[in-house]
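Written below as structure tokens is the structure these notes are about.
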Amino acid sequence: MFIVDDMMTRHPHTLSPDHTLDDAHRLMRAERFRHLPIVDDDERLLGLVTQRDVLSAQASSLGKTTNGDHQIHTPLSHFIERQLVTVDPGASLRAAALTMLERKIGCLPVVKHQRLVGIITDSDFVAIASTLLEIQEESEPVEEGE
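Residue numbers (the UniProt record's numbering): 1 to 146.
Structure below.
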């Protein structure tokens with residue numbers, strides 16, 4: 001049985017709650033990912049900021065907080081999703097995939113002893129499926145006439 005620890009991204013990029021949405025946007029764009037865990041100094045998971053959060057703040061027609069600053073310059077502590085669904089590194093990949101499907105979420109932060117140790121995303125599962133399909137195709141006998 002494959003477990004989350006076998007396929008997760010270890011030591012994912014993170015930011016602190018004091019960073020801004022603009023910081024998150026720049027890091028996501030530079031590194032080409034869509035989910036950014038927010039952690040404290042002890043690597044305890046505090047929340048998650050997604051590409052959708054960044055795009056929503058940028059596109060907001062209101063776009064301003066009460067002090068007149070643009071939302072993009074507001075600390076991440078104002079935007080992070082705190083009702084997180086997480087997974088243990090020892091959980092089965094199937095259970096993690098089903099959780100993501102049922103909850104309609106694009107990633108699961110991987111937490112052990114209340115600290116972030118990795119992340120597994122929908123893109124990881126697409127890569128897994130692609131590899132399994134390739135293995136299946138290679139193991140199927142070729143029919144005559146092909």
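In this text, a Cβ means the ideal position worked out from N, Cα and C, and glycines have one as well.
Between I72 and D5, the CB-CB gap reaches or exceeds 8 Å. Closest by C-alpha distance to V85, out of A59, P75, L116 and I3, is L116. Counted as a single uninterrupted DSSP element, the stretch harbouring V54 is not any beta strand (DSSP E) but the alpha helix (DSSP H) occupying residues Q51 to A59. In this structure, the straight-line span from the alpha carbon of C107 to that of R82 is close to 14 Å. For the 8 Å CB-CB criterion, L93 and M7 form a contact. Collapsing the DSSP output to three states places V126 in a helix. Rounded to whole angstroms, the gap between the alpha carbons of T14 and A129 is 27 Å. Note on geometry: alpha-carbon atoms of M1 and P89 lie some 13 Å from one another. Assigned with DSSP and collapsed to three states, V117 falls in strand.
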